[in-house]
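Taking it in order: structure first as structure tokens, then the write-up.
There are 2 protein chains.
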Amino acid sequence: MNSLVQRFSQPLDIAHGKVDLSHGSGGRASAQLIEQIFVRHFRNPLLEQGNDNALFATQAGRMVISTDGHVISPLFFPGGDIGSLAVHGTLNDVAMAGATPLYLSAAFILEEGFPLADLDRIAASMAKAASDAGVVIATGDTKVVERGKGDGVFITTTGIGVVGEACNISGNRAAPGDKIIVSGSMGDHGVAIMASRENLQFDTEISSDSAALHRLIAELVATGCDIHCLRDPTRGGLATTLNELAQQSAVGMRINEAAIPVKPAVLAACELLGLDPLYIANEGKLICICASDDAEQLLSTLRQHPLGREAAIIGEVVADDHQFVQMQTRFGGSRVVDWLAGEQLPRIC
Amino acid sequence: MNSLVQRFSQPLDIAHGKVDLSHGSGGRASAQLIEQIFVRHFRNPLLEQGNDNALFATQAGRMVISTDGHVISPLFFPGGDIGSLAVHGTLNDVAMAGATPLYLSAAFILEEGFPLADLDRIAASMAKAASDAGVVIATGDTKVVERGKGDGVFITTTGIGVVGEACNISGNRAAPGDKIIVSGSMGDHGVAIMASRENLQFDTEISSDSAALHRLIAELVATGCDIHCLRDPTRGGLATTLNELAQQSAVGMRINEAAIPVKPAVLAACELLGLDPLYIANEGKLICICASDDAEQLLSTLRQHPLGREAAIIGEVVADDHQFVQMQTRFGGSRVVDWLAGEQLPRIC
Chain A
1 MNSLVQRFSQ
11 PLDIAHGKVD
21 LSHGSGGRAS
31 AQLIEQIFVR
41 HFRNPLLEQG
51 NDNALFATQA
61 GRMVISTDGH
71 VISPLFFPGG
81 DIGSLAVHGT
91 LNDVAMAGAT
101 PLYLSAAFIL
111 EEGFPLADLD
121 RIAASMAKAA
131 SDAGVVIATG
141 DTKVVERGKG
151 DGVFITTTGI
161 GVVGEACNIS
171 GNRAAPGDKI
181 IVSGSMGDHG
191 VAIMASRENL
201 QFDTEISSDS
211 AALHRLIAEL
221 VATGCDIHCL
231 RDPTRGGLAT
241 TLNELAQQSA
251 VGMRINEAAI
261 PVKPAVLAAC
271 ELLGLDPLYI
281 ANEGKLICIC
291 ASDDAEQLLS
301 TLRQHPLGRE
311 AAIIGEVVAD
321 DHQFVQMQTR
331 FGGSRVVDWL
341 AGEQLPRIC
Chain B
1001 MNSLVQRFSQ
1011 PLDIAHGKVD
1021 LSHGSGGRAS
1031 AQLIEQIFVR
1041 HFRNPLLEQG
1051 NDNALFATQA
1061 GRMVISTDGH
1071 VISPLFFPGG
1081 DIGSLAVHGT
1091 LNDVAMAGAT
1101 PLYLSAAFIL
1111 EEGFPLADLD
1121 RIAASMAKAA
1131 SDAGVVIATG
1141 DTKVVERGKG
1151 DGVFITTTGI
1161 GVVGEACNIS
1171 GNRAAPGDKI
1181 IVSGSMGDHG
1191 VAIMASRENL
1201 QFDTEISSDS
1211 AALHRLIAEL
1221 VATGCDIHCL
1231 RDPTRGGLAT
1241 TLNELAQQSA
1251 VGMRINEAAI
1261 PVKPAVLAAC
1271 ELLGLDPLYI
1281 ANEGKLICIC
1291 ASDDAEQLLS
1301 TLRQHPLGRE
1311 AAIIGEVVAD
1321 DHQFVQMQTR
1331 FGGSRVVDWL
1341 AGEQLPRIC
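First to last, the protein sequences are chains A and B. Reminder that position 78 of the first sequence reads as 78 in the working numbering, one-by-one numbering, no gaps. Reminder that position 347 of the second sequence reads as 1347 in the working numbering, one-by-one numbering, no gaps.
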């Protein structure tokens, strides 16, 4: 975020104005946009240092950093928008190390002609998501590209957080005998986006599950259980994420289709749209892998939290040189659940 | 960066292939792209943790974070490319707090159809710039947008670094009587980009000054002088950056046109293109503001470094309630040098 520019009293016409190239110039118009939209919504002492960087104190220990670009289309959808998603998505990637997220940076790439009213709404949503999560948007950047060289707004957020001493959570720690837990129903986010994109109406509205999971994770960590892996099944869905973990840990997995929570409305929409819920992105769910002895305690901790009420043990880790994820189907058969091949749902996050 | 996928032995056709939507799916094609381009070039232990985040140890003290989106056009230009620029730009913003940059994250937004050969070249350039600077690309992300919804590649980098105890460098510390130093010639980057865009030929090729300034800054800090402000005059150029600092510190500035280093070829190109070198972006220069007593020592330290050979004292800070930057012109007159208004050079970084 460039310096604050308090003397530009001339207000932006947020209701009717549009982004133009001068908003990316680094000059007066940039300063006005930053002050009257981003700083107004994000206001905090770090941002108000007014430098091109933000300075903060650290303790000795361990930190994590994670980054995600957000290019979701449409920008506004049931259950959220690109602003709240850009906060939740990165915050969750930080939290999956068992970390407490502290600071976010936000870099905006705006397309010429984008309505300032939409940008203002997105900034307000980011500010609320960050404030609700107790994280600070410490620094930022704004660029503008010509009409037809972008698509409204892209937001890249980077998060940093601190990890407690006891935590040793990593995708390479799944071991044969471990249990696989999911924190709730699969596919809500992806189906909500698809339905919104295709303008489909269902009896029950399907909302994105976009949510910040760090407090739920803090409760899992506080149990003292040795959590082996945590990962959020975003792009590529549960199936792809389990394959990633299987490969990283050099193990196989066996999951039970009947145990995987999927909302009836999501299942029905998937049938209509020809989608497989196992491959659909989630934005407020996690996969937790732990020793069998810890599984019940972690499951019960998940279920006591509003974001984990429908948590379920869906399978277990097995020794397998092929690193296959195999699923026992509802009909009693067994099939290999492979990585997502090709592209099922472009620009889902 | 999603997990490493070592088992995908099928090689990408980097020479002839193009980015398609499946490379952003989070599935097999994404993993292949990440492994065979990004991980191959950036390889380091943090990235190879293979999680959606990177974990590192920290000391007690102070850190800084900074982020920048890079949307420069053209992607390749004399003196660099979007990859080296994305490393230098963010690293410099971190260093302007007097910090030692340690880690970068990199988020790519790719347009469908972008040649893999160009992406590979850009990744190689980023890797070299990071390695030369002694910083690690610790984590990343890749998204793909449909043809016509992006422009080849946008790269958002976020950097973190540590700040020594003695440092207290901030844009609000300029005080009347302080000297204003620039580390070298103004306008090289912006003019190189414009010339490249317009396909202009000059007798002397003008190259971007894109460079990592953190080692030069470390030498300034090591003098023990009390550096008040450091800032790199990127978008908006020297004129806008001085106005930012004047406003942030609530002071005025007086600069001397004859003292501002501008290469003759840059000056000639500016006259041809109707540009003012004071408003043109630099990517390897800094402005240093310090007490008058420290100015000669800092100037001499700058001049001993290859990136500061043409450093010069260009003016001083004055008390001024209007926070004006005034310039004594070559012809003896005086004029107010205002913020950049409008957009002179879109997509310069």
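Even for Gly, the Cβ is constructed at its ideal location relative to N, Cα and C.
- Chain-ordered, the chain A residues with CB closer than 7 Å to the CB of T1139 of chain B read I65, S66 and T67.
- For Q1036 of chain B, DSSP assigns no beta-bridge partner whatsoever.
- Chain-ordered, the chain B residues with CB closer than 8 Å to the CB of D52 of chain A read S1066, D1093, M1096, R1231 and D1232.
- Taking C-alpha positions only, A129 of chain A is separated from G69 of chain A by approximately 17 Å.
- Minimum Cα-Cα distance from T1234 of chain B among the listed residues A:L33, A:D52 and A:P45 corresponds to A:D52.
- Within chain A, no C-beta atom comes less than 8 Å from the C-beta of F1076 of chain B; the nearest is roughly 17 Å away.
- Within 10 angstroms of the beta-carbon of R1347 of chain B lie 16 or more other beta-carbons, which makes it buried.
- The criterion of a C-beta distance shorter than 9 Å is not satisfied by N282 of chain A and D338 of chain A.
- E1146 of chain B has its alpha-carbon roughly 21 Å from the corresponding atom of L273 of chain A.
- The way I'd put it, the stretch 223-233 of chain A does touch the stretch 287-306 of chain A; three or more beta-carbon pairs between them come closer than 8 Å.
- Where N1243 of chain B is concerned, the enclosing alpha helix (DSSP H) starts and stops at G1237 to S1249.
- By the rule that beta-carbons nearer than 9 Å mark a contact, R1028 of chain B touches chain A.
- Burial state of Q304 of chain A is exposed, judged by a 10 Å Cβ sphere holding fewer than 16 other Cβ atoms.
- Between I1109 of chain B and chain A, the shortest Cβ-Cβ separation is below 9 Å.
- Taking 9 Å as the upper bound on Cβ-Cβ separation, chain A lies near residues D1020, L1021, S1022, H1023, G1024, S1025, G1026, G1027, R1028, A1029, S1030 and A1031 of the stretch 1013-1042 of chain B.
- The C-alpha of E1316 of chain B is placed about 43 Å away from the C-alpha of G1150 of chain B.
- In chain order, S1022, G1027, R1028 and A1029 make up the part of chain B whose C-beta sits under 8 Å from the C-beta of A341 of chain A.
- Interface annotation for the stretch 304-332 of chain A against chain B: Q323, criterion Cβ-Cβ distance under 9 Å.
- E1343 of chain B and A29 of chain A have their C-alpha atoms roughly 9 Å apart.
- Taking 8 Å as the upper bound for CB-CB distance, G237 of chain A and I280 of chain A are in contact here, some 5 Å apart.
- Taking a C-beta cut-off of 9 Å against chain A, the contacting residues of the stretch 1241-1265 of chain B are T1241, N1243, E1244, L1245, Q1247 and Q1248, listed in chain order.
- Annotated as proximal: G83 of chain A and I122 of chain A, with beta-carbon spacing under 9 Å.
- For the stretch 156-167 of chain A, residues whose beta-carbon sits nearer than 7 Å to a beta-carbon of chain B comprise T156, T158, I160 and V163.
- Between E146 of chain A and chain B, the shortest Cβ-Cβ separation is below 9 Å.
- Taking A127 of chain A as the centre and dropping the five residues before and after it, the same chain places the C-beta of H41 and F42 closer than 6 Å to its C-beta, in chain order.
- In the structure shown, the three-state DSSP call for L1091 of chain B is helix.
- Within the same chain, T158 come within 6 Å of T67 of chain A by CB-CB distance, once the 5 residues on both sides are set aside.
- For K1143 of chain B, the enclosing beta strand (DSSP E) has its first and last residue at V1136 to V1145.
- When only Cα atoms are considered, M1186 of chain B and V1262 of chain B end up about 5 Å apart.
- Straight through space, the alpha carbons of S1025 of chain B and V1153 of chain B are spaced by roughly 17 Å.
- By the Cβ criterion, the stretch 1203-1222 of chain B is not in contact with the stretch 1309-1326 of chain B, since fewer than three pairs of Cβ atoms, one from each stretch, lie closer than 8 Å.
- Taken through DSSP and simplified to helix, strand or coil, V1064 of chain B comes out as strand.
- Here DSSP, grouped into helix, strand and coil, assigns G1024 of chain B to helix.
- Counting other Cβ atoms within 10 Å of its Cβ, H322 of chain A stays below 16 and is therefore classed as exposed.
- Secondary structure note for H189 of chain A: its alpha helix (DSSP H) is the uninterrupted segment D188 to R197.
- Per DSSP, the unbroken beta strand (DSSP E) holding M1327 of chain B starts and ends at V1325 to Q1328.
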